[in-house]
Each structure stands twice: as structure tokens, then as C-alpha cells.
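*Asks:* Have a look at this one.
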Amino acid sequence: MRARYCLNKGWRFTKEGRTEAIDLPHTWNCLDGQDGGNDYWRGTCFYERAFSDPRKGADERVFLECKGVNASCKAYVNGTLVASHDGGYSTFRADVTEVLKGENTLRMDVDNSVSEKVYPQTADFTFYGGIYRDVNLIVVGKKHFDLLYYGSSGIKAEAVVNGTDGVVTVTGYANGGEIKVSVYDGEKVAATGKSGEALVIPHAKLWNGVEAPNLYRAVARLYDSGELCDEVSVNFGFRTFSVDPKKGFFLNGKPYPLHGVCRHQDRKGLGNAITEAEHEEDMRLILETGANTVRLAHYQHDDYFYDLCDKYGLIVWAEIPYISRHMPKANGNAVSQMKELIYQQYHHPSIVCWGISNEITMFRRHRKDMLALHRKLNELCHGIDPSRFTVLACFAMCAPFDRVGKITDAVSWNLYLGWYVPGLFLNKVWYAFYRACNPKRVYGMSEYGAEGMPNLHAVRPKRGDNTEEYQFKYHEYMLKFFEKHPEFWATHLWNMFDFAADARNQGGEPGMNHKGLVTFDRQIKKDAFYLYKAYWSREPFVHLCGKRFINRTGNRFEIVVCTNQPEVEVIVNGKPIGKKRGSKVFRFSVEMAAENEIEVRAGTLTDRGRVIRTKKPDSSYILKKTNTKNWQK
């Protein structure tokens with residue numbers, strides 16, 4: 001029977017001739033990839049560790065499994081090359097049985113240097129080098145499920161809805177033997193059969209998004225002469241979905257407006273070398289906003305996070321890092337990364353679409369080859385998986401009639417009108433023009449946002465000041481805009497969390513993109529976070545905005561409150577100021593005393609803050625003039 005042995009402990013890591021002891025997950029760019037200057041170290045480093053032959057039987061096979069190594073890797077066991085892989089975000093495996101001894105040495109040469117053959121190379125995030133996900137040994141019998149086909153599980157679960165019934169076909173891929181399938185609803189067996197047989201689950205429970213993310217489990221067992229040889233399982237769910245250019249997204253036959261966030265996986269001081277605990281914290285924060293969808297940008301994320309999306313009901317846009325700049329020498333790599341994404345993540349009910357590219361028209365070179373690759377990837381997705389639609393994220397400057405935006409089944413746009421370009425009203429103008437040009441296209445918003453620094457503040461916030469208040473103003477406008485256009489198939493704000501982009505220098509903290517609703521270390525929820533919570537979440541709450549904007553000038557000041565409750569009361573220095581009924585955002589103009597202790601109430605819910613009157617504006621709230629640049633400059 002199958003056994004898995006984790007190899008995360010006890011590695012020796014060598015960079016530029018210096019060796020140290022480390023454990024996985026690990027990256028060598030966790031500091032220099034986050035400090036700005038676009039000078040983080042890129043090259044080849046070496047990981048080495050010893051391991052004993054884990055086999056207990058003469059016929060057993062041993063496979064090396066690597067869950068994420070960025071960006072290219074060559075793996076050697078006892079000096080013999082056993083695997084070579086390009087692409088830093090997907091699982092790959094190798095059969096190492098024939099080179100094993102009693103005691104063995106595993107060495108992995110990991111390279112994140114500049115290359116025209118591996119995506120990504122040009123993008124607004126740091127390409128952390130290292131072995132940043134688990135490394136395992138998998139021991140199986142002579143007969144076993146396939147472990148080498150694009151890093152997939154060896155089984156495929158295809159679930160469809162037929163009236164009130166669910167029908168699932170579980171196909172196993174093995175090197176001989178007989179495959180039997182069992183489908184479980186919790187601990188209860190719901191159906192049994194053979195590989196490739198359509199199994200009917202009467203009155204199946206639907207996977208119904210955040211309201212009821214019901215999951216089933218398919219277990220495939222491989223037998224040889226009646227003896228159990230191997231076993232593999234995946235979770236899956238029954239659901240239907242569709243998109244309509246005039247009515248938006250439908251889940252299980254009912255309108256299901258998709259509103260959510262984009263997510264990068266990295267952390268302060270950790271880079272991409274994160275654990276399940278960090279994934280779970282990210283999920284809790286996303287769910288707290290009330291989001292029902294997440295765009296997992298701009299690469300294949302950890303298997304565990306897709307599992308969390310299944311469990312909690314988030315609709316997922318999954319994509320590959322074919323981004324910003326088309327590289328003809330990397331066409332094969334884009335294809336292989338797309339195959340790995342689909343084959344490895346096919347079973348997840350949370351995933352509804354495959355993202356082909358992001359902002360690929362930013363650099364308008366090799367256009368003919370770029371369009372050809374898009375058509376190839378689109379056909380590839382439909383060929384492997386006809387059950388899901390394809391989508392891409394267009395660059396803001398891409399014309400609404402550009403051919404690249406018409407290849408996939410749906411399209412979304414990365415627009416920052418009101419941030420990089422003055423004029424929030426341009427969002428209305430743009431969309432009206434696009435709809436007039438493309439009335440039958442399924443349209444969404446894949447990125448929109450504004451930088452927001454929790455230490456920068458302004459009474460009259462302006463575009464480009466990086467204040468928490470302008471970020472709030474920007475998002476309040478966008479949320480009102482989206483309310484008027486329920487036909488968008490989905491809206492994904494950029495970004496849920498601040499993230500590292502070492503080429504940036506904005507907001508007074510180089511190396512960061514600060515468009516997150518939550519800071520890079522996940523410690524501060526910016527005021528815009530609570531704005532979204534007021535619009536999306538059903539969890540009762542009240543939040544006083546501007547609690548970090550303590551020192552203010554003038555005779556009056558504005559109190560801004562976010563809540564999903566219908567009425568707000570404000571009390572200043574123990575005296576009731578007034579009550580208002582309304583929705584989502586409440587504003588009160590208050591006479592300013594020397595010191596102002598503020599309490600806001602919404603029913604039994606309360607929040608507090610204070611404002612101090614000063615003679616002069618607090619200079620620490622104003623962004624100092626710096627060599628400001630974004631990653632494109």
C-alpha cells in the first residue's frame with residue numbers, strides 16, 4: 001500500500017559557496033525580494049539532504065514528489081539526474097527506484113535566474129527562488145496509480161448534475177490490475193462501481209458556493225488478484241454554472257453575482273515559503289469580507305488552498321503565469337504549465353474557469369505568435385476540460401476591439417481608472433464604450449484598486465497620495481459602480497493583501513504593492529476592508545474609520561462609520577451627537593474639541609477611537625517626496 005514520507009527537515013542549502021542548515025519550506029529571497037530596488041538575488045542554489053531507502057518490499061517503487069520549486073529544478077539522487085522541471089508553481093514527480101541504495105543523497109539544483117524559456121519573467125511581483133512547498137517520497141507497490149502524468153493524482157472525477165441526481169464518473173489510470181470506486185458522502189458510502197462507470201447519487205447535495213459547499217469523496221482502489229495494491233482519493237462536488245453577457249454568473253441555475261478578491265500567496269519575511277497555517281489565515285480574512293470568489297493570481301497556488309476554497313465555497317478563477325510579456329521561446333512552457341494546472345486541479349468544484357493570460361498586451365511584440373499561442377491554449381483547455389469556460393485578464397490599455405480579448409469564452413479587464421489615470425468617472429465611460437462595441441461578450445473586472453498606506457492620511461484625499469482615505473474613497477466609488485452593473489460575470493479587487501514587488505517604490509515603503517485591503521504581515525485591516533465587509537458580509541459589525549488618523553486640524557471633523565446594520569449612533573466625549581439610518585457608510589460632521597473620544601454604536605455593537613486637535617497638520621501623515629516608481633518604470 002501507498003506510503004508518503006515528508007523530506008522537509010534536515011537540508012543543507014548552498015548559495016554562492018556558503019552552506020547552512022535549513023528546513024523546508026524555504027526561499028533565499030525572503031528579505032532581498034521585499035526591500036525594493038529590483039535587485040534581489042537570482043541564480044542557482046543547491047539543496048542537499050540524506051535519506052534512507054524507505055522500501056519494505058522488493059517490488060515497491062519510490063517516487064520523489066516536489067510540490068513547488070521556483071523556477072527551474074534539476075533533481076539528482078546519488079548523482080543521477082532523475083527530474084528536470086521548468087515552472088515554479090506546480091507539482092512534479094520522478095521515479096527514483098532504480099538509483100536507490102540503502103543510504104542515499106538527494107540534491108536539487110534550483111534556479112530562478114532570468115530566462116526566456118520559463119514563465120513568468122516580467123510581472124509586478126517577486127519571483128522568489130527556492131523549494132517553498134513540501135518535498136516527499138511516495139512508496140507504492142509494483143502496480144499503482146500513475147504518478148508521472150503532469151503531476152496529477154492518477155484519477156479523474158467528472159461530476160455532472162442530472163435533474164435531482166448527481167452522476168460521477170471516476171476514472172483511474174494504473175499500470176494493470178482492477179480498479180474499484182467508492183463514493184462517500186461524509187462517512188457514508190453513496191455509490192460503488194468500476195473505473196470509468198457512471199455512478200448515480202440520487203438526490204445529490206449540490207456544491208452551492210458559500211451557502212452550502214457540499215463535498216463528496218471519490219476513492220479509487222487498485223486490486224491485483226483480489227489483493228489491494230494502491231488507493232487514491234479526491235474530493236469533488238456536484239454543481240452547474242454558466243455565464244451570460246446580460247445577466248452575469250449563475251450557480252446551480254440561479255443568479256449568483258460574483259464579488260471577490262485577488263490573492264498573492266507571499267508573506268512578510270517568508271516570501272512564498274508558507275505553511276498551512278498561513279493559508280488558513282488568508283482564507284479566514286477573505287471570508288470575513290463576505291467575498292464569494294477569489295482570483296488566484298498569477299500562477300498555480302498550493303493544493304491546500306484550492307481544498308480550502310472547496311471547503312468554504314469560494315468560486316475560483318485559476319490561472320497560469322503567462323503574463324505581461326510574450327516570450328516565443330517559452331511557448332512550450334506555457335502549454336506545459338496549463339496542462340499541469342488542469343490535470344492537477346481538475347477535481348475541485350470551486351474552480352469554474354481557466355485563466356489563460358494576464359496583461360499580455362502590455363509589451364506589443366511578437367503579436368502574431370502571441371495570438372497563435374492564445375488560440376492554442378484556449379483549444380487545449382476546452383479539449384482537456386470542456387466543462388469549464390476560459391477567461392483572460394486584459395491590460396487596461398488594450399483596446400475593446402483587440403483580437404486578444406475575443407479568444408476566450410469570457411474576458412475581464414484590469415482597470416485602474418481613478419488611480420493610475422485621473423477620473424473615477426472614466427470607469428462608467430469605459431464600460432459604456434466597451435458594451436457598445438461588444439454587446440455579446442461576457443465581461444468582468446479582474447483588477448481594480450488603489451494604494452493605501454495605514455500611516456498616511458488626509459482630510460481631502462487625492463489620487464496618488466497613497467492615503468488610507470483615498471483608497472477608501474476609490475473603493476466606495478467602485479462598489480457603487482458595480483451595484484449598477486449586475487451583468488458583470490465577476491469583479492475581483494486588487495488585492496486582498498499587500499504583496500512584494502521588489503521593483504516598486506511607492507507609499508514610502510519600497511519593494512511593496514500596497515493595494516491590499518490587509519497589510520503584508522496580515523496585522524492591519526485597512527478601512528477599505530470594512531467598507532467591503534459592509535457591502536458583502538452578513539456578519540453583524542460596526543467599524544469606526546480613521547482610527548489611525550488621530551491628529552487633525554480645524555474646528556470640525558468628519559466621522560465615517562462602516563456597518564451592515566441599519567442604524568448608527570455617534571457619541572463624542574460621552575455626549576450623544578446623533579443617529580442616522582441608512583446603508584453601509586454613515587457620515588457625521590462633528591465640532592472638534594481639543595480631545596475627542598469617539599464611540600459609535602449599531603445596536604449592541606460598538607467601536608471606539610479618538611481625534612486630537614492640533615494647530616498644524618501632522619507631517620508624518622504626508623508622503624515624503626521620494627524616487628517614486630512602479631514596476632513598469
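Note that the working numbering has the sequence shown beginning at 1, numbered continuously upward.
The beta carbon of each residue, even a glycine, is placed where N, CA and C say it ideally should be.
According to DSSP, Glu451 sits in a beta bridge with which residue or residues?
*Replies:* Bridge partners of Glu451: none, in fact.
*Asks:* Just to confirm the assignment, what range does the beta strand (DSSP E) spanning Gln506 have?
*Replies:* Here the beta strand (DSSP E) through Gln506 covers 499–506.
*Asks:* For Gly423, I'd like the list of residues in its chain whose CB is within less than 8 angstroms of its CB, leaving aside the five on either flank, ordered along the chain.
*Replies:* Here the set comprises Leu417.
*Asks:* Put Thr164 into one of helix, strand or coil per three-state DSSP.
*Replies:* Looking at Thr164 - three-state DSSP - the assignment turns out to be coil, as it is neither helix nor strand.
*Asks:* Give me the Cβ distance between Phe92 and Cys66, rounded to the nearest whole Å; I'm assuming they're in contact under 8 angstroms.
*Replies:* Indeed they touch by this definition, with Cβ atoms about 6 angstroms apart.
*Asks:* Entirely within the segment 316–388 and at least 3 residues each: give me those beta strand (DSSP E) ranges in chain order.
*Replies:* With a minimum length of 3 residues, the continuous beta strand (DSSP E) runs that stay inside the segment 316–388 are 351–358.
*Asks:* Could you pull out every residue in the same chain whose Cβ sits closer than 8 angstroms to the Cβ of Leu392, ignoring the five residues on either side in sequence?
*Replies:* Result list for Leu392: Gly355, Ile356, Ser357, Asn358, Ile360, His374, Val404, Gly405, Ile407, Thr408, Val411, Ser412, in chain order.
*Asks:* CB Thr553 to CB Pro617, shorter than 7 angstroms?
*Replies:* Going by C-beta atoms, Thr553 is nearer than 7 angstroms to Pro617.
*Asks:* Give me, in chain order, the residues of the same chain whose beta-carbon lies closer than 8 angstroms to that of Tyr369; leave out the 5 immediate sequence neighbours on both sides.
*Replies:* What sits at residue 369 in the sequence shown is Asp, not Tyr. For Asp369, where only same-chain residues beyond five positions count, the Cβ hits under 8 angstroms are His326, Pro328, Asn331.
*Asks:* Can you tell me whether Gly102 is buried or exposed, with buried defined as 16 or more other CB within 10 angstroms of its CB?
*Replies:* That one is exposed.
*Asks:* Could you check whether the segment 48–55 touches the segment 131–145, counting it as contact only if at least three pairs of C-beta atoms, one from each stretch, sit closer than 8 angstroms?
*Replies:* Short answer: they touch.
*Asks:* For Asp527, does the three-state DSSP call read helix, strand or coil?
*Replies:* Helix.
*Asks:* Check whether the Cβ atoms of Asp224 and Lys117 sit closer than 7 angstroms, and answer yes or no.
*Replies:* Not closer than 7 angstroms, so no.
*Asks:* I need the straight-line Cα distance from Arg548 to Arg610, nearest angstrom please.
*Replies:* Roughly 9 angstroms between the two C-alpha positions.
*Asks:* Measuring straight from C-alpha to C-alpha, what distance separates Arg650 and Lys156?
*Replies:* Since the displayed the chain opens at 1 and closes at 633, residue 650 lies outside it and no answer follows.
*Asks:* Who are the Cβ neighbours of Gly507 in its own chain at under 6 angstroms, not counting the five residues just before and after it?
*Replies:* Once the five neighbours on either side are set aside, the close Cβ partners of Gly507 are Glu451, Met453, Asn466, His514.
*Asks:* Between which residues of its own chain and Pro400 is the CB-CB distance below 7 angstroms, once the five residues before and five after are set aside?
*Replies:* Closer than 7 angstroms at the Cβ level, and outside the excluded window around Pro400, lie Phe433, Tyr434, Cys437, Asn438.
*Asks:* Just to confirm, is the Cβ distance from Lys533 to Gly313 under 7 angstroms?
*Replies:* Contact: no.
*Asks:* Tell me, please, which residues DSSP counts as bridged to Ser84.
*Replies:* The partner list for Ser84 (beta bridge, DSSP) reads Lys74.
*Asks:* So Phe249 and Leu258 are supposed to be a Cβ contact under 8 angstroms. How far apart are they, rounded?
*Replies:* The Cβ separation is near 5 angstroms, so the contact holds.
*Asks:* Residue ranges of each beta strand (DSSP E) run of no fewer than 3 residues wholly in the segment 406–483, ordered along the chain?
*Replies:* Qualifying beta strand (DSSP E) stretches, in chain order: 410–414, 442–447.
*Asks:* Return helix, strand or coil for Glu276, following the three-state DSSP convention.
*Replies:* Correct three-state label for Glu276: helix.
*Asks:* Quick one: which unbroken beta strand (DSSP E) runs of 3-plus residues sit fully inside the segment 540–593? Chain order, please.
*Replies:* Segments of the beta strand (DSSP E) lying fully in the segment 540–593: 542–544, 556–563, 567–572, 575–581, 584–591.
*Asks:* If you reduce the DSSP assignment to three classes, tell me which class Lys633 lands in.
*Replies:* Low local confidence applies: a pLDDT of 45 at Lys633 is under 50, so the model's placement there is unreliable, with the coordinate-based value given in what follows. In the structure shown, Lys633 sits in coil (DSSP, three-state: anything other than H, G, I, E or B).
*Asks:* Regarding Lys584 and the ligand GTP, is the C-beta to nearest heavy atom distance less than 6 angstroms?
*Replies:* Absent from the structure shown: the ligand GTP. Ligands present: none.
*Asks:* Which same chain residues end up closer than 8 angstroms to Gln344 when comparing Cβ atoms and leaving out the 5 residues on each side of it in sequence?
*Replies:* Cβ within range, chain order: Ser90, Thr91, Tyr150, Gly151, Ser152, Ser153, Gln300, Asp303.
*Asks:* Applying the 10 Å Cβ sphere with the 16-neighbour rule, what's the burial state of Pro461?
*Replies:* Buried.
*Asks:* Mind the definition here: the segment 188–200 touches the segment 227–243 only if three or more C-beta pairs lie below 8 angstroms; say whether that holds.
*Replies:* No: the two stretches stay apart, fewer than three of their Cβ pairs being nearer than 8 angstroms.
*Asks:* Among residues of its own chain, excluding the 5 on either side of Asp86, which ones have a beta-carbon nearer than 6 angstroms to its beta-carbon?
*Replies:* Result list for Asp86: Ser72, Val118, Asn333, in chain order.
*Asks:* May I ask which residues mark the beginning and end of the beta strand (DSSP E) holding Tyr223?
*Replies:* Unbroken beta strand (DSSP E) run through Tyr223: 216–224.
*Asks:* Cα separation between Asn104 and Asn78?
*Replies:* The straight-line gap from Cα to Cα measures roughly 6 angstroms.
*Asks:* Is the separation between the beta-carbon of Ser336 and that of Thr122 shorter than 7 angstroms?
*Replies:* Taking 7 angstroms as the Cβ cut-off, Ser336 and Thr122 do not qualify as a contacting pair.
*Asks:* Assuming Lys205 is part of the beta strand (DSSP E), what are its boundary residues?
*Replies:* Careful: Lys205 lies outside any beta strand (DSSP E) and carries neither H nor E.
*Asks:* With distance defined between alpha-carbon atoms, name the residue in Gly186, Ser537, Ala190 nearest to Met564.
*Replies:* As written in the sequence, residue 564 is Asn, which differs from the Met given in the question. Among Gly186, Ser537, Ala190, the Cα nearest to that of Asn564 is on Ser537.
*Asks:* Assuming contact is defined by CB atoms lying nearer than 7 angstroms, are Glu599 and Asn573 in contact in what I supplied?
*Replies:* Contact flag unset, no.
*Asks:* Closest to Asn8 by C-alpha separation, out of Thr14, Met1, Ala21, Pro25, would be which residue?
*Replies:* Out of Thr14, Met1, Ala21, Pro25, Pro25 has the C-alpha closest to the C-alpha of Asn8.
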